[in-house]
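Undergrad: My questions all concern the structure below.
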Amino acid sequence: MFSGSKADRTVSAVRINPLALAVYAVLAFIFATFDGLAGPLSDLIALGVPILVLTSILHLFLSNHWFRFHQNFSSDHPRKGQTVEYALSFSNESVVPLAQGVCVFSNPGPLDSFSSSVAIPSGGLQSGEYRAEIRCSYRGTYIVGLSSYRFTDVLGILTLETRIEPRVFYVYPELVQLDSSVERLARSSGADRPGSSALDEDPSIFEYLAPLRAGIPSTRIAWKRWAATGTPSRIVSGKSRSTALRVFLDLWQGPRNTLEKLASEDMAVSAAFSVLQYLSQSRIPAELVLGNREQGIRIDNPEDFTRVFDLSTNIIFMETEFPDRAFGNSTSTLLITTRPLVGSFGGAELDLFTAFEEALPANRAPHLLACPGPIAAERERATVEALLELQKACGTKQLAALADPAQGIEDIRHALCVPS
Numbered sequence: 029m030f031s032g033s034k035a036d037r038t039v040s041a042v043r044i045n046p047l048a049l050a051v052y053a054v055l056a057f058i059f060a061t062f063d064g065l066a067g068p069l070s071d072l073i074a075l076g077v078p079i080l081v082l083t084s085i086l087h088l089f090l091s092n093h094w095f096r097f098h099q100n101f102s103s104d105h106p107r108k109g110q111t112v113e114y115a116l117s118f119s120n121e122s123v124v125p126l127a128q129g130v131c132v133f134s135n136p137g138p139l140d141s142f143s144s145s146v147a148i149p150s151g152g153l154q155s156g157e158y159r160a161e162i163r164c165s166y167r168g169t170y171i172v173g174l175s176s177y178r179f180t181d182v183l184g185i186l187t188l189e190t191r192i193e194p195r196v197f198y199v200y201p202e203l204v205q206l207d208s209s210v211e212r213l214a215r216s217s218g219a220d221r222p223g224s225s226a227l228d229e230d231p232s233i234f235e236y237l238a239p240l241r242a243g244i245p246s247t248r249i250a251w252k253r254w255a256a257t258g259t260p261s262r263i264v265s266g267k268s269r270s271t272a273l274r275v276f277l278d279l280w281q282g283p284r285n286t287l288e289k290l291a292s293e294d295m296a297v298s299a300a301f302s303v304l305q306y307l308s309q310s311r312i313p314a315e316l317v318l319g320n321r322e323q324g325i326r327i328d329n330p331e332d333f334t335r336v337f338d339l340s341t342n343i344i345f346m347e348t349e350f351p352d353r354a355f356g357n358s359t360s361t362l363l364i365t366t367r368p369l370v371g372s373f374g375g376a377e378l379d380l381f382t383a384f385e386e387a388l389p390a391n392r393a394p395h396l397l398a399c400p401g402p403i404a405a406e407r408e409r410a411t412v413e414a415l416l417e418l419q420k421a422c423g424t425k426q427l428a429a430l431a432d433p434a435q436g437i438e439d440i441r442h443a444l445c446v447p448s
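The structure is reproduced here in structure tokens:
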């Protein structure tokens with residue numbers, strides 16, 4: 029909820045209309061020539077234009093002072109897909125009509141919800157209301173609400189503009205709860221041994237010394253400590269924190285400013301963070317790699333995930349390079365991409381399908397989750413099926429799946445059901 033308090037009403041800009049100012053200056057000069065020609069009447073005529081101009085400007089500043097407004101949003105923290113009801117109430121607190129005024133709104137995002145501006149009622153003690161719906165259809169940052177209002181004096185000489193700090197909404201991607209089959213995507217040093225995981229004790233990592241007690245098994249006894257102090261002690265090893273899964277989010281820019289692009293990007297981001305959420309809750313070390321950045325973001329626990337999830341509203345798909353860093357890594361990698369699997373784009377010399385053809389025989393291929401737009405989904409599904417056949421021929425078991433935005437967020441769960 030946001031209202032126009034007195035502290036918010038500092039005039040931000042004053043604009044002068046040079047043409048109108050020149051016209052009234054010429055008129056003032058002409059009427060000034062009548063000064064003294066016909067007694068008091070000529071004096072009044074000579075002062076008429078300056079008085080009119082000063083009165084108009086005074087009325088302008090008073091109009092800016094008399095104007096009051098109040099904004100209301102039905103939600104301060106909208107979710108993706110939610111519609112926020114917006115209401116702007118404004119009024120004139122004086123019996124004197126206001127100067128000509130207009131309210132200007134911020135653009136709320138990819139789907140315009142507001143008029144660009146709305147006129148302010150000018151009658152004495154008159155009030156009005158403007159309502160709109162803010163459709164938070166896509167992930168991202170929405171700058172919404174009143175951005176400024178301005179008044180112009182009756183003579184059109186001067187304009188006062190007061191800027192208002194608009195409301196900023198951060199709309200986060202939707203997340204889906206995944207099952208334990210996602211763990212089959214993960215692999216880390218030692219994790220391929222029966223009964224081991226990325227959190228196994230690593231004998232090479234010293235954590236601390238603890239007293240040796242009956243009933244507590246220990247394979248590493250601190251003999252030197254025992255001899256020096258006379259207290260039986262055991263060595264407690266630290267746990268390995270090697271990354272079990274790299275989630276590589278391809279930031280291909282795709283066709284610009286289309287709803288198809290927005291839908292596919294939101295699906296990809298939701299898939300990436302849904303996987304990371306599950307891994308963090310299960311305490312399985314993971315790493316998020318955004319495009320071809322050199323450094324990934326390590327996520328070991330739910331606290332790390334919450335911190336990284338805050339970045340999700342500002343992930344921008346603007347890269348043209350091929351995601352070659354997703355191939356050939358020793359750590360298991362899940363490549364999530366919105367780009368077509370066949371065909372090179374943005375100057376890339378290689379397409380994804382060809383890259384998989386070359387990487388699969390050498391066991392360098394990542395897992396793949398394709399997130400095309402709704403229109404391209406059927407074409408891409410056929411390519412994914414061809415890739416699955418290629419995997420069978422190579423004897424590999426990497427994930428190759430597709431999540432269709434037209435099927436909703438739950439299609440991510442279906443796509444990531446990794447067979448045993």
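Each step along the sequence shown adds one to the number in this note's numbering, with nothing skipped, and position 12 is 40.
Glycine included, C-beta positions come from ideal geometry on N, C-alpha and C.
This one's a predicted model, so the numbers in the text were calculated from it and none came from an experiment.
#1: Count the other C-beta atoms from every protein chain shown that fall within 10 angstroms of the C-beta of residue 120, then say buried if there are 16 or more, exposed otherwise.
#2: Taking DSSP's pairing of strands, which residues face residue 429 in a bridge?
#3: Helix, strand or coil for residue 98 per DSSP?
#4: Mind checking which residues open and close the alpha helix (DSSP H) that includes residue 110?
#5: Can you list, in chain order, the residues of its chain with a C-beta nearer than 7 angstroms to that of residue 388? Leave out the 5 residues immediately preceding and following it.
#6: Relative to the alpha-carbon of residue 198, which residue among 209, 127, 172 has its alpha-carbon at the smallest distance?
#7: From the DSSP output, read off the bridge partner residues of residue 156.
#8: Could you tell me which residues DSSP pairs with residue 364 in its beta bridges?
#9: Nearest CA to the CA of residue 296: which residue from 316, 74, 311?
#10: When the distance is taken between beta carbons, is residue 127 closer than 8 angstroms to residue 91?
#11: List the DSSP bridge partners of residue 147.
#12: By Cβ distance, which residues of its chain are closer than 6 angstroms to residue 393, with the 5 residues on each side in sequence left out?
#13: With a threshold of 16 other CB atoms inside 10 Å of the CB of residue 350, please say whether the residue is buried or exposed.
#14: Output needed for residue 56: all residues of its chain with C-beta closer than 7 angstroms, excluding positions within five of it in sequence on either side, in chain order.
#15: For a test of the three-state rule: what should DSSP assign to residue 168, helix, strand or coil?
#16: Looking at the unbroken alpha helix (DSSP H) that takes in residue 60, where does it start and where does it end?
#17: Counting pairs of Cβ atoms below 8 angstroms between the region 156-172 and the region 339-354, do you hit three or more?
#18: For residue 156, which residues of its own chain have a beta-carbon under 6 angstroms away from its beta-carbon, when the five flanking residues on both sides are left out?
#19: Alpha carbon to alpha carbon, how far is residue 303 from residue 450? Give it in angstroms, no decimals.
#20: Just reading off the beta strand (DSSP E) that residue 199 is part of, what are its end residues?
#21: Rounded to whole angstroms, what is the Cα-Cα separation between residue 175 and residue 200?
#22: What whole-angstrom Cβ distance do residue 164 and residue 106 have, given they're in contact under 8 angstroms?
#23: Between 330, 333, 346, 329, which lies nearest to residue 320 when the distance is taken from Cα to Cα?
#24: What is the residue span of the beta strand (DSSP E) that residue 175 lies within?
#25: Locate the alpha helix (DSSP H) running through residue 259, then write down its first and last residues.
#26: Provide the residue span of the alpha helix (DSSP H) that contains residue 211, from first to last.
#27: I'd like to know whether the C-beta atoms of residue 60 and residue 74 end up nearer to each other than 8 angstroms.
#28: Can you look up residue 163 in the DSSP assignment and give me helix, strand or coil?
#29: On the premise that residue 305 lies in contact with residue 203, defined as a C-beta separation below 8 angstroms, what is that separation, rounded to the nearest angstrom?
#30: Tell me, please, which residues DSSP counts as bridged to residue 347.
#31: Comparing C-alpha positions only, which one of 111, 310, 362 sits nearest to residue 208?
#32: Taking the straight line between their C-alpha atoms, what separation do you get for residue 293 and residue 366?
TA: In short:
#1: For this step, residue 120 is matched to residue 92 along the sequence shown. With 16 or more Cβ atoms within 10 Å of its Cβ, residue 120 is classed as buried.
#2: Position 401 of the sequence shown, counted from the first residue, corresponds to residue 429. Answer by DSSP bridge pairing, in chain order: 397.
#3: One-based indexing of the sequence shown puts residue 98 at position 70. The answer is strand: DSSP assigns residue 98 an E or B state.
#4: As a first step, residue 110 must be located in the sequence shown, where it is residue number 82. Neither: residue 110 is in no alpha helix (DSSP H) and is coded neither H nor E.
#5: Locating residue 388 in the sequence shown gives position 360, where the first residue counts as 1. Closer than 7 angstroms at Cβ, skipping near neighbours: 418, 419, 422, 424.
#6: As a working note, residue 198 is residue 170 in the sequence shown. Measuring from the Cα of residue 198, the nearest candidate turns out to be 172.
#7: As a position in the sequence shown, residue 156 is number 128, starting the count at 1. Looking at the DSSP assignment, residue 156 forms a beta bridge with 118.
#8: Numbered from its first residue, the sequence shown carries residue 364 at position 336. In the DSSP output, where bridge partners are listed per residue, residue 364 has 277, 397.
#9: Walking along the sequence shown from the start, residue 296 turns up at place 268. Nearest C-alpha to residue 296: 316.
#10: Taking the sequence shown and counting its residues from 1, one reaches residue 91 at position 63. Taking the sequence shown and counting its residues from 1, one reaches residue 127 at position 99. Taking 8 angstroms as the Cβ cut-off, residue 91 and residue 127 qualify as a contacting pair.
#11: Translated into the one-based positions of the sequence shown, residue 147 becomes position 119. Note: residue 147 sits in a beta bridge opposite 130.
#12: Along the sequence shown, read from residue 1 onward, the residue named residue 393 stands at position 365. So the list reads 384, 387, 426, once near-sequence residues are dropped.
#13: Counting from 1 along the sequence shown, the entry for residue 350 is found at position 322. When all chains shown are included, residue 350 counts as buried.
#14: One-based indexing of the sequence shown puts residue 56 at position 28. Closer than 7 angstroms at the Cβ level, and outside the excluded window around residue 56, lie 77, 78.
#15: As a first step, residue 168 is located in the sequence shown; it is residue number 140 there, counting from the start. DSSP places residue 168 in strand when its eight states are reduced to three.
#16: The sequence position of residue 60 within the sequence shown is 32, counting from 1. First-last of the alpha helix (DSSP H) with residue 60: 46-60.
#17: yes
#18: Counting from one through the sequence shown, the residue named residue 156 turns up at place 128. Around residue 156: 118, 149.
#19: Residue coverage of the chain in this structure runs from 29 to 448, which leaves residue 450 outside it and unanswerable.
#20: Stepping through the sequence shown from its first residue, residue 199 is reached at position 171. Note, residue 199: beta strand (DSSP E), 195-199.
#21: The sequence position of residue 175 within the sequence shown is 147, counting from 1. The sequence position of residue 200 within the sequence shown is 172, counting from 1. Whole-angstrom Cα-Cα distance: 23 angstroms.
#22: Residue numbering aside, residue 164 sits at position 136 when the sequence shown is read from its first letter. Residue numbering aside, residue 106 sits at position 78 when the sequence shown is read from its first letter. Yes, they are in contact, since the Cβ atoms of residue 164 and residue 106 sit about 5 angstroms apart, within 8 angstroms.
#23: What you label residue 320 is simply residue 292 of the sequence shown in a count that begins at 1. Nearest of 330, 333, 346, 329 to residue 320, Cα basis: 346.
#24: For the purposes of this step, residue 175 is taken as the residue at position 147 of the sequence shown. Where residue 175 is concerned, the enclosing beta strand (DSSP E) stretches over 174-180.
#25: One-based indexing of the sequence shown puts residue 259 at position 231. Premise fails: residue 259 is in no alpha helix (DSSP H) and is neither H nor E.
#26: Taking the sequence shown and counting its residues from 1, the one referred to as residue 211 is at position 183. Premise fails: residue 211 is in no alpha helix (DSSP H) and is neither H nor E.
#27: Translated into positions along the sequence shown, residue 60 becomes position 32. Translated into positions along the sequence shown, residue 74 becomes position 46. Yes, these two residues count as a Cβ contact at 8 angstroms.
#28: Working through the sequence shown from its first residue, we reach residue 163 at position 135. Three-state DSSP puts residue 163 in a strand.
#29: The residue given as residue 203 occupies position 175 in the sequence shown. The residue given as residue 305 occupies position 277 in the sequence shown. Their Cβ separation, rounded to whole angstroms, is 6 angstroms, which keeps residue 203 and residue 305 in contact under 8 angstroms.
#30: One-based indexing of the sequence shown puts residue 347 at position 319. Residue 347 is bridged to 280.
#31: Sequence index remark: in the sequence shown, residue 208 carries index 180 (1-based). The shortest C-alpha separation from residue 208 is found at 310.
#32: The residue you call residue 293 lines up with position 265 of the sequence shown. The residue you call residue 366 lines up with position 338 of the sequence shown. Distance between the alpha carbons of residue 293 and residue 366: 7 angstroms.
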